[in-house]
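Number 203 in UniProt numbering belongs to position 203 of the sequence shown; there are no gaps in the numbering. Quick reminder that beta carbons are idealized off the backbone N, C-alpha and C, glycines included. One structure is given below, encoded as structure tokens.
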Amino acid sequence: MTARIKLGMVGGGRDAFIGGVHRIAARIDDRFELVAGALSSTPERSEESARALGIPRSYGTFDEMAAAEAAREDGIEAVAIVTPNHMHYAAAKAFLERGIHVICDKPLTATDADAAAMAEAVARSDALFVLTHNYTGYPMIRQARNMVLAGDLGQLRIVQVEYPQDWLTDPAEAEGVKQAEWRTDPARSGAGGSIGDIGTHAHNLACFVTGLRVESLAADLQSFGANRTLDDNAHVMLRFGDGVRGMLWSSQVAPGNENALRLRVYGDKGGLEWLQEDPNYLWFTPHGQTKRLLTRNGAGANAAAGAVSRIPGGHPEGYLEGFANIYAEAADAIRAVQAGTPRDQAMGLLPGIAQGLDGMAFIRACVASSRADSAWTTL
Numbered sequence: 001m002t003a004r005i006k007l008g009m010v011g012g013g014r015d016a017f018i019g020g021v022h023r024i025a026a027r028i029d030d031r032f033e034l035v036a037g038a039l040s041s042t043p044e045r046s047e048e049s050a051r052a053l054g055i056p057r058s059y060g061t062f063d064e065m066a067a068a069e070a071a072r073e074d075g076i077e078a079v080a081i082v083t084p085n086h087m088h089y090a091a092a093k094a095f096l097e098r099g100i101h102v103i104c105d106k107p108l109t110a111t112d113a114d115a116a117a118m119a120e121a122v123a124r125s126d127a128l129f130v131l132t133h134n135y136t137g138y139p140m141i142r143q144a145r146n147m148v149l150a151g152d153l154g155q156l157r158i159v160q161v162e163y164p165q166d167w168l169t170d171p172a173e174a175e176g177v178k179q180a181e182w183r184t185d186p187a188r189s190g191a192g193g194s195i196g197d198i199g200t201h202a203h204n205l206a207c208f209v210t211g212l213r214v215e216s217l218a219a220d221l222q223s224f225g226a227n228r229t230l231d232d233n234a235h236v237m238l239r240f241g242d243g244v245r246g247m248l249w250s251s252q253v254a255p256g257n258e259n260a261l262r263l264r265v266y267g268d269k270g271g272l273e274w275l276q277e278d279p280n281y282l283w284f285t286p287h288g289q290t291k292r293l294l295t296r297n298g299a300g301a302n303a304a305a306g307a308v309s310r311i312p313g314g315h316p317e318g319y320l321e322g323f324a325n326i327y328a329e330a331a332d333a334i335r336a337v338q339a340g341t342p343r344d345q346a347m348g349l350l351p352g353i354a355q356g357l358d359g360m361a362f363i364r365a366c367v368a369s370s371r372a373d374s375a376w377t378t379l
């Protein structure tokens, strides 16, 4: 049995939502062992979280952890960075410089300058850089991508993607909600609010499934929350390559929506529809024929879906399992690189620095377009 990959974590203390998600995802397939962490903003809180989570080695800062772990014979091989956006670059750089593989939350960074510097740090390092666009790990998203690339939809025409939530309908940032405080703060989140937080997920998913890139867009961003600086709602028209047209809506002020990520893709031979809150199903309508329901392990499921499924059909797999697929593929990539496989080849379908830079370009174009009265803006 292949030894578990020794993993560290920056951020993600015991009360942090996304830290818990990463820890679960890393353990589902038993490929990682979490042995070190700089889990909080102070050494004392980091130590408290490490004790509570059973992590044997705790550090006060990520710089301290990177230096100490790189010097250990049994030091970490990879690190998960689950901090607010403005800390991604400095933390990633510290580990990349020491040859430690990085698994980083999205978006890439808070600023374009940090994004450019991150790209340079990745290029200089021999280590992998994985960005956790976790929705690409769902089996029926892999199925949809496979069907599009196989020509089942014919020539693509239309892409519609949306990601509405409702958790910022009230001023949560003024009510002591930690997640809301940093996600609505430009200094920590970056130039995009909803467009950076969930809009980048929608953008990435549309590009992943279609194999296309957005070439230009026209965006209308709003901040409905009182005294809220960053957008909490965005409507974006998209122009992809090959003449494909699209629309993207991201909102965190849409009552009745929790995490309603939805993708629809239409070509001249048929259409696909997928909803994240019911992820084991994919609707496929061949033009002129009856609408078909494809399930993860049922009739019509393809090898791409089966490759990232764990349990028999009818037993749902969802958010945590999809996230775990990113970690499992990251583990495969790490072991492949350690065995001599070239880095780009080892990455496979994993999102990395290129997708991170695309996400930053998307945010930048949305903000610029909206400020110019929704003028069409090239990415």
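Q: Report yes or no: do the segment 120 to 127 and the segment 150 to 161 share at least 3 C-beta pairs separated by less than 8 Å?
A: Taking 8 Å as the limit for Cβ pairs, the verdict is that the segment 150 to 161 does not touch the segment 120 to 127.
Q. Among V21, R157, G12, which residue has its Cα nearest to the Cα of R45?
A. Of all alpha-carbon atoms in V21, R157, G12, the one lying nearest the alpha-carbon of R45 is that of G12.
Q: Using beta-carbon positions only, say whether L248 and V236 come within less than 8 Å of one another.
A: In this structure, L248 places its C-beta atom within 8 Å of the C-beta atom of V236.
Q | T136 - DSSP class collapsed to helix/strand/coil | A | Three-state result, T136: helix.
(Q) Check for me: the beta strand (DSSP E) holding M360 runs from which residue to which? (A) From DSSP, M360 is part of no beta strand (DSSP E) but of the alpha helix (DSSP H) over 353 to 371.
Q. Based on Cα-Cα distance, which residue from E162, S251, Q289 lies nearest to L261?
A. With distances taken between Cα atoms, L261 lies closest to E162.
Q) Out of curiosity, what's the CA-to-CA distance linking L7 and L34? A) Between L7 and L34, the C-alpha separation is close to 5 Å.
Q: Using the Cα positions of S374 and R57, report the straight-line distance between them to the nearest angstrom.
A: Approximately 50 Å, taken between the alpha carbons.
Q.
So N280 and T295 are supposed to be a Cβ contact under 8 Å. How far apart are they, rounded?
A. 6 Å between Cβ atoms; contact.
**Q.** Cβ pair G241, C366 closer than 8 Å
**A.** Taking 8 Å as the Cβ cut-off, G241 and C366 do not qualify as a contacting pair.
Q | Proximity winner among T2, F129, A117, R27, relative to Q355 (alpha-carbon distances) | A | For the residues T2, F129, A117, R27, the minimum Cα distance to Q355 belongs to F129.
Q | Whole-angstrom C-beta distance between L379 and V214, which should lie under 8 Å | A | About 6 Å separates the two Cβ atoms, so the contact holds.
Q | Buried versus exposed, by CB contacts within 10 Å (16 or more), E77 | A | Here E77 is buried, its C-beta having at least 16 other C-beta atoms within 10 Å.
**Q.** Enclosing beta strand (DSSP E) for R97 [first to last residue]
**A.** A quick correction: the sequence has Glu, not Arg, at residue 97. Per DSSP, E97 lies in no beta strand (DSSP E) segment and is marked neither H nor E.
Q: Output yes or no for whether 8 Å exceeds the beta carbon distance between L221 and S370.
A: Result yes, Cβ atoms of L221 and S370 sit closer than 8 Å.
(Q) What does the alpha-carbon distance come out to for the pair M347 and A144? (A) If I take the Cα positions, the gap works out to 20 Å.
Q) With distances taken between CB atoms, is the gap from N227 to S251 smaller than 8 Å? A) Contact check for N227 against S251 fails: the beta carbons are separated by 8 Å or more.
Q | Counted within 10 angstroms of its Cβ, other Cβ atoms place I311 as buried (16 or more) or exposed | A | It counts as exposed.
Q: Let me know if W274 comes out buried or exposed under the rule of 16 or more other beta-carbons within 10 Å of its beta-carbon.
A: Buried, since its Cβ has 16 or more Cβ neighbours within 10 Å.
Q | Contact check, residue 386 vs R98, beta carbons under 8 Å | A | Because the chain is modelled from 1 through 379, residue 386 falls outside the range shown and cannot be assessed.
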